[in-house]
Amino acid sequence: MSVKHPFKIFNKNFKLKNIKKVFNNSIKNKPSTGIDGININNFEKKLDIEFEIINRKVLDKTYNFSFYKEKLISKGKNKYPRVISLPTLRDKIVLKTIFNTLTEIYSDDLSNELVHSKVDKIKTTIQSNRFDSFIKMDIENFYPSIDHKILLKIISKKTKKSEFIDLLTKVITQATVSKSNDSIDKYSNNIGVPQGLSISSVLSSIYFIDFDKKHSIQPNYEYYRYVDDILILCKKDDIQAIFTTIKNDMTNLKLKVHDLGISPQKTDSGSIKNGFYFLGYSYSDTLISIRESSINNLHNSIIDIFTQYKHSKDKNIKFLYWKLNLKISGCKFEGKKYGWLYFFSQINNEKLLFKLDIFVKNMFKKFNIKYDKNEVKKFIRTYFEILKNRTQTTYIPNFTELTRSEKKDILENIFNLHGIASNQIEYRFNKLIYKTIKEMEKDIQMY
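Per my numbering, the very first residue in the sequence shown carries number 43; after that it's consecutive.
Below, the structure written as structure tokens:
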């Protein structure tokens, strides 16, 4: 285990050259406008000034965040919407640099395990037949309930650098508003971590470091946590004792879980053989599949693609194939993998994938569009490419590897964007891919 020097890491990351690198790698192609209304075009006109302001003010402890702009995302009928906090472009650079600093400081403590890796471990544990029962828990109102004092105390164990602690305090206490309002005090949020920031997830993981360590080494159960969802695999006789221990440990973090038997959708227990849901997957003895609501969401998303084509003026069949094939195969971009089937790649229910391919074929028939088997990708083929040919596959597009000529061809023939200057092709293409990825991720946001 390497020795970390938080002071050096913080100073290094907030040097001008690293601030500039953060902007070019993480902000430039994914811009969103904050409460100040400054868009990427105006921001880029004064980049050097912005970088200098960040560097100087962060290091002399005078940097102040703007209010976060409120964005509401529906969680469904009769549910309060999720409040997302959108920072300004300048603040996004600072937040991403803080994220890089935290992940470097805590590189030995935090797990970057993806969903499909957790599911693979769950699958292996179930197949071992060590346990006959499960406990599934949902942390109530997770991000908005994180206690500031506890969080900052945990971080202070690693670094007592006042500039960093002061900056983090401002991050989590800044208010989220629907519009700029002088009547609202800055830094008036006294509980919870704002959702939607680049550091929200890593702060929540740091909050759970000791909790996760404790429950991951218990001999009589296996523990899995992903954000606010917890799964325990155990023996039937141990259910109540394990639940009580976890609930008490949650209380120490000033968090709550629903009691057993009160709300089965939130907290539940039972026999593994009778099946359960976790992280969008359904587990029933040896069959690992996808919960029905996730399948229905995908169906509706595919129908939307055909409906949009039906009502479009130009009836661009290439655009239909583009949207549909990305929905089926997903894609790779900047070293990451995106898509519905990448998320659900740990299933062993091949029949479901054949049914999805039939569903797609039936949509062509329903919307009176000729089905071309050479143009339309298949779920079952994608599944085996992910399992057997993950690194070498050309079936799943890797947009980072495309030449400028190939990107130009996509812009012109699929998106009908002609006459783009040569030095703008990369930017316009990446912008469209980021937008496409954002749409793809909606299929799995609610599992």
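Where a beta carbon is used, it is the ideal one built from N, C-alpha and C, also for glycine. Given the structure is predicted, the values throughout are model-derived calculations rather than measurements.
Do you know how far the Cα of residue j is from the Cα of residue i?
{"i": "Ala283", "j": "Asp254", "result": "18 angstroms"}
{"i": "Lys199", "j": "Ser247", "result": "15 angstroms"}
{"i": "Lys407", "j": "Tyr413", "result": "8 angstroms"}
{"i": "Arg446", "j": "Ile467", "result": "7 angstroms"}
{"i": "Ser258", "j": "Lys88", "result": "49 angstroms"}
{"i": "Phe173", "j": "Ile332", "result": "22 angstroms"}
{"i": "Lys296", "j": "Pro186", "result": "11 angstroms"}
{"i": "Ile51", "j": "Ile233", "result": "28 angstroms"}
{"i": "His353", "j": "Ile345", "result": "12 angstroms"}
{"i": "Thr166", "j": "Arg432", "result": "21 angstroms"}
{"i": "Gly461", "j": "Ile80", "result": "27 angstroms"}
{"i": "Lys355", "j": "Thr478", "result": "21 angstroms"}
{"i": "Lys119", "j": "Lys289", "result": "29 angstroms"}
{"i": "Gln169", "j": "Pro261", "result": "18 angstroms"}
{"i": "Asn472", "j": "Glu264", "result": "41 angstroms"}
{"i": "Tyr325", "j": "Asn338", "result": "18 angstroms"}
{"i": "Lys369", "j": "Thr287", "result": "42 angstroms"}
{"i": "Lys163", "j": "Leu321", "result": "13 angstroms"}
{"i": "Phe56", "j": "Lys430", "result": "42 angstroms"}
{"i": "Phe285", "j": "Phe107", "result": "40 angstroms"}
Can you give me the Cβ contacts of residue i inside the same chain, cut-off strictly under 8 angstroms, excluding the 5 residues immediately before and after it?
{"i": "Leu329", "result": "Asn390, Asn391"}
{"i": "His300", "result": "Met179, Asp180, Glu182, Lys308, Thr309"}
{"i": "Val219", "result": "Ile77, Phe109, Tyr110, Lys111, Glu112, Ile226"}
{"i": "Thr442", "result": "Lys374, Phe375, Glu376, Gly377"}
Cutting at 7 angstroms between CB atoms, please list the residues of its own chain near residue i, excluding the five before and the five after it.
{"i": "Ser175", "result": "Cys276, Lys277, Lys278, Ile281, Ser311, Gly312, Ser313, Ile314"}
{"i": "Ile438", "result": "Ser371, Gly372, Cys373, Lys374, Thr424, Glu427"}
{"i": "His341", "result": "Phe401"}
{"i": "Ile69", "result": "Leu131, Lys134, Ile135, Lys138"}
{"i": "Lys72", "result": "Tyr476"}
{"i": "Asp270", "result": "Asp180, Ile181, Phe184"}
With DSSP as the reference, please indicate the residues paired to residue i in a beta bridge.
{"i": "Met482", "result": "According to DSSP, which records beta bridges pairwise, Met482 is partnered with nothing at all."}
{"i": "Phe375", "result": "Lys378"}
{"i": "Tyr325", "result": "Phe318, Ile330"}
{"i": "Ile181", "result": "Val299"}
{"i": "Leu273", "result": "Lys178, Tyr266"}
{"i": "Thr218", "result": "Tyr110"}
Enumerate in chain order the residues of its own chain whose CB-to-CB distance from residue i is below 6 angstroms, with the five nearest sequence positions on each side excluded.
{"i": "Leu58", "result": "Phe93, Asn97"}
{"i": "Val161", "result": "Tyr323, Gln388"}
{"i": "Met43", "result": "Residue confidence for Met43 is low, a pLDDT of 46 falling below 50, so the modelled location carries little weight; the figure read from the coordinates is stated next. So the list reads Asp150, once near-sequence residues are dropped."}
{"i": "Ile95", "result": "none"}
{"i": "Asp327", "result": "Lys315"}
Considering only residues of the segment 378-426, which uninterrupted beta strand (DSSP E) runs meet the minimum length of 3 residues and lie entirely inside it, listed in chain order?
378-380
Take every Cβ of the segment 187-202, pair it with every Cβ of the segment 83-103, and state whether three or more of those distances are shorter than 8 angstroms.
no
Entirely enclosed alpha helix (DSSP H) segments - the segment 103-141, minimum 4 residues:
none
Taking contact to mean at least 3 C-beta pairs separated by less than 8 angstroms, is the segment 120-138 in contact with the segment 223-239?
yes
Curious, which full-length alpha helix (DSSP H) runs of at least 4 residues does the segment 241-269 contain?
242-249, 251-258
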